[in-house]
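Worksheet: one structure, shown below.
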Amino acid sequence: MLGPTLLRASRNERLRGVIERNPLTRKVVTRFVAGEDQDAVLAVVHRLHSRATTTLDFLGEDVSDLAGARRVRDQYVSLLYRLHEAGEAERSEVSVKLSAVGQSIPRDGHETALGHALQIAVAAAAVGCRMTLDMEDHTTVDSTLAIGDELRREFPLTGNVLQANLRRTAGDLAQLAGSGARIRLVKGAYREPESVAYQRKSEVDAAYRQGLHRLMASDCYPMVATHDPAMIRDANDAAQRHGKGLDGWEIQMLYGISAGLQAQLARSGHALRVYLPYGTDWYGYFMRRLAERPANVAFFLRALARG
Ligand code: FDA
Numbered sequence: 305m306l307g308p309t310l311l312r313a314s315r316n317e318r319l320r321g322v323i324e325r326n327p328l329t330r331k332v333v334t335r336f337v338a339g340e341d342q343d344a345v346l347a348v349v350h351r352l353h354s355r356a357t358t359t360l361d362f363l364g365e366d367v368s369d370l371a372g373a374r375r376v377r378d379q380y381v382s383l384l385y386r387l388h389e390a391g392e393a394e395r396s397e398v399s400v401k402l403s404a405v406g407q408s409i410p411r412d413g414h415e416t417a418l419g420h421a422l423q424i425a426v427a428a429a430a431v432g433c434r435m436t437l438d439m440e441d442h443t444t445v446d447s448t449l450a451i452g453d454e455l456r457r458e459f460p461l462t463g464n465v466l467q468a469n470l471r472r473t474a475g476d477l478a479q480l481a482g483s484g485a486r487i488r489l490v491k492g493a494y495r496e497p498e499s500v501a502y503q504r505k506s507e508v509d510a511a512y513r514q515g516l517h518r519l520m521a522s523d524c525y526p527m528v529a530t531h532d533p534a535m536i537r538d539a540n541d542a543a544q545r546h547g548k549g550l551d552g553w554e555i556q557m558l559y560g561i562s563a564g565l566q567a568q569l570a571r572s573g574h575a576l577r578v579y580l581p582y583g584t585d586w587y588g589y590f591m592r593r594l595a596e597r598p599a600n601v602a603f604f605l606r607a608l609a610r611g
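Read left to right, the sequence shown gives residues 305 to 611 (this note's numbering).
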């Protein structure tokens, strides 16, 4: 029950204020967030690139005004040039939440997000960096997949994310199977109604496994985003069955989670990409990480109690 409660809390503005203002929260947040600004995240990128590639997420979501959406676009564009100057662009990717670049704006949200995403894609292509569109709650899936299709006409390396918990995902995967797109498969981090999403972990895991097999059998480049060792074993088996070598797919994990497993996979020759969130708007991201694992809540409460 704790998970759904925390996911509800992730969209509660009053609680956001209380948690963000607590000076002790920050200490715990740094476990999951790579830094507050570009300098901080670039230092982490530099450290990680000897053993993994990275994908950078400028934290923020549900931006409902045009000026705010433009600021997020500008942040990505300047980040891309900083990555280029630092010689790190080719081993990096940017992960963009479309709700941060305009998708949530009531009028013309889809078009605004498409325009801003295109501008980020142009900058990414100019410096040889990749780009993936994160997937948010189920109400955004049609728009996000359509923007992915549109961007791939000019920038074929643009990636999309599919969430195994959504009942529609098998159909979406079938649609994308022949596209050659880069597809990140995740279990799904948002609280969704039963009408659109599996609720039990066993159902989500089964759907993830099916998704893995379909993705490995497709023309797509699979990005297997999970910390679940059972799913990684399945991904390995499916890759072998479908003749995909270690350079034909990659594993992705979040910064600060399962660090031991990340190191072990990198040593074993797997292509590993680490997802690095940075910025000050960490509340929604942080609450979703707490919701995924009750032990994180205990860790958080212990840190607060210790002061
Ligand atoms: P599961 O939740 O079953 O966890 C398996 C094991 O991993 C746990 O037993 C634990 O050891 C470890 N673990 C998992 N989460 C942890 C946590 N928070 N803290 C500590 N340990 C943890 N979702 C989405 O809806 N849209 C998106 O765009 C993305 N993007 C994305 C990118 C990348 C690179 C990753 C890895 C994940 C996402 N996600 C996402 C999140 C995803 O949907 C999912 O919520 C988390 O990955 C947790 O699920 P697992 O697959 O790790 O399995």
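Backbone N, C-alpha and C define an ideal beta-carbon position, used for all residues, glycine too.
- For D551, the closest of M535, T530 and P526 by C-alpha to C-alpha distance is P526.
- A distance of 8 Å or more separates the beta carbons of L489 and G463.
- With at least 16 other beta carbons inside 10 angstroms of its own, Y579 counts as buried.
- In this structure, DSSP gives A529 an extended state, which the three-state scheme calls strand.
- Between I424 and Y380, the gap from beta carbon to beta carbon is short of 8 Å.
- Within the same chain, and ignoring the five residues on either side of A373 in sequence, the residues whose Cβ sits closer than 8 Å to its Cβ are V367, A404, V405, G406, I409, T416, A417 and H420.
- Distances taken from the Cβ of V345 to the heavy atoms of the ligand FDA include none shorter than 7 Å.
- Assignment of Y559 by DSSP, reduced to helix, strand and coil, places it in the coil class.
- C-alpha of R335 to C-alpha of Y559: approximately 8 Å in a straight line.
- With a cutoff of 7 Å, V500 does not count as near the ligand FDA, since its C-beta is closer than that to no heavy atom of the ligand.
- Collapsing the DSSP output to three states places M535 in a helix.
- Residues of the same chain with a CB within less than 6 Å of the CB of R320, apart from the 5 flanking positions on each side, are Y587 in chain order.
- Taking 7 Å as the cut-off, one finds at least one heavy atom of the ligand FDA near enough to the beta carbon of G492.
- Proximity of the beta carbon of V348 to the ligand FDA is not indicated: no heavy atom of the ligand is located closer than 7 Å.
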